[in-house]
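Quick mapping for you: the protein sequence lines, in order, are chains A and E. Going left to right, the first sequence walks through residues 1 to 108 as the working numbering numbers them. Going left to right, the second sequence walks through residues 1001 to 1108 as the working numbering numbers them.
There are 2 protein chains.
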Amino acid sequence: MITMINVFTVDPPNQQRLLDLLARATDEFVRQAPGFVSSTLHRSIDGSKVAMYAQWRSIEDYEAMRADPGPLLLFKEALTLARFDSGMYEVVRSFSPPEESAERPPLS
Amino acid sequence: MITMINVFTVDPPNQQRLLDLLARATDEFVRQAPGFVSSTLHRSIDGSKVAMYAQWRSIEDYEAMRADPGPLLLFKEALTLARFDSGMYEVVRSFSPPEESAERPPLS
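Rendered as structure tokens:
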């Protein structure tokens, strides 16, 4: 499994338009592509960024989707609004808060 | 809840050292901070980046951790190895693959 982290830098007045475009591309095309596992769309609090965090079964599945002419027009429109920084990752480790059971009162 | 997406750009020979530093800072300090919810550490396939994707209860909790002198030395060491691009986000929407039940044969 691979993780794509794509960060778009945008003028704040265009943040909502970029979010709408990426949501539409994901709904209509990306989530239906073979090998798509899940994705989450984020807006930065300061208005200047949008981030898509997505999991795919393999690099090949992701690249096949990117080569699909279906979502290409929407991606091209997104790139008229934003600078795009893309990264392809694998998960190294996940972290959770420490167990709190020792601090909890025992169940009666 | 807020999502922090921190992307570090690093010389590939230093990627593993940076991963070790960030894992140690998270283990020893960050995950024990009030308001820490979860985080995932990623290595880029091409060796040039490291990404930390983390959820916090609030901006105030994250900022209190960043002001804590405990992990500061480890963060400073990380910044001798890497350029750092930080973003603070809220989740807009999550996407899943379409339901496949219609394509599955009925249970006998």
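Glycine included, every Cβ here is placed at the ideal spot set by N, Cα and C.
Which residues share a DSSP beta bridge with Arg-1043/E? Glu-90/A and Val-1050/E
Is there a Cβ from chain E that is less than 8 Å from the Cβ of Leu-81/A? No, because no Cβ of chain E sits closer than 8 Å to the Cβ of Leu-81/A.
DSSP-derived helix/strand/coil call for Arg-83/A: strand
Can the beta-carbon of Val-7/A be found less than 8 Å from the beta-carbon of Lys-76/A? no
Could you check whether the Cβ of Lys-1076/E sits closer than 8 Å to any Cβ belonging to chain A? no
Pick out whichever of Met-88/A, Gly-87/A, Leu-74/A and Asp-61/A has its Cα sitting closest to the Cα of Pro-34/A. Asp-61/A
Among the residues of its own chain, which have a CB less than 7 Å from the CB of Phe-95/A, if the five just before and after it don't count? none
Are at least three pairs of beta-carbons, each pair with one atom in the stretch 54-71 of chain A and one in the stretch 20-36 of chain A, less than 8 Å apart? yes
Does the beta carbon of Leu-19/A come closer than 8 Å to any beta carbon on chain E? yes
Would Arg-1083/E pass as a contact of Thr-1026/E if the rule is Cβ separation under 8 Å? no
When Thr-3/A, Ser-58/A and Pro-71/A are compared against Thr-40/A, the one with the closest alpha-carbon: Thr-3/A
List the residues of chain E that Arg-43/A touches, going by C-beta distances under 7 Å, in chain order. Tyr-1089, Glu-1090 and Val-1092
Helix, strand or coil: how does DSSP classify Pro-1106/E here? Low confidence applies to Pro-1106/E: its pLDDT is 48, below 50, so where it sits in the model is not reliable, and the reading given next is rough at best. It is coil, neither helix nor strand.
Could you work out which residue in His-1042/E, Phe-1036/E and Ser-1038/E is closest to Asp-1020/E when comparing CA atoms only? His-1042/E
For Val-1007/E, name the three-state secondary structure that DSSP assigns. strand
I need the boundaries of the alpha helix (DSSP H) containing Gln-15/A, first residue and last residue. Per DSSP, Gln-15/A is one residue of the alpha helix (DSSP H) stretching across 15-28.
For a contact meaning CB atoms closer than 8 Å, what does Val-7/A contact in chain E? Ile-1005, Val-1007, Asp-1085 and Gly-1087
In whole angstroms, what separates the C-alpha of Ser-1108/E from that of Ser-38/A? With a pLDDT of 49 at Ser-1108/E, under the threshold of 50, the modelled position of this residue cannot be trusted; read the value that follows with caution. Rounded to whole angstroms, Ser-1108/E to Ser-38/A spans 30 Å at the Cα level.
For Arg-66/A, the first and last residue of its enclosing alpha helix (DSSP H): 59-67
Tell me, which residues are paired with Ser-1038/E by DSSP? Gln-1055/E
For the ligand HEM, is there any heavy atom lying closer than 7 Å to the beta carbon of Pro-1012/E? As for the ligand HEM, it is missing from this structure, which has no ligand bound.
Does Ser-44/A pass the burial test, meaning 16 or more other C-beta atoms within 10 Å, or should it be called exposed? buried
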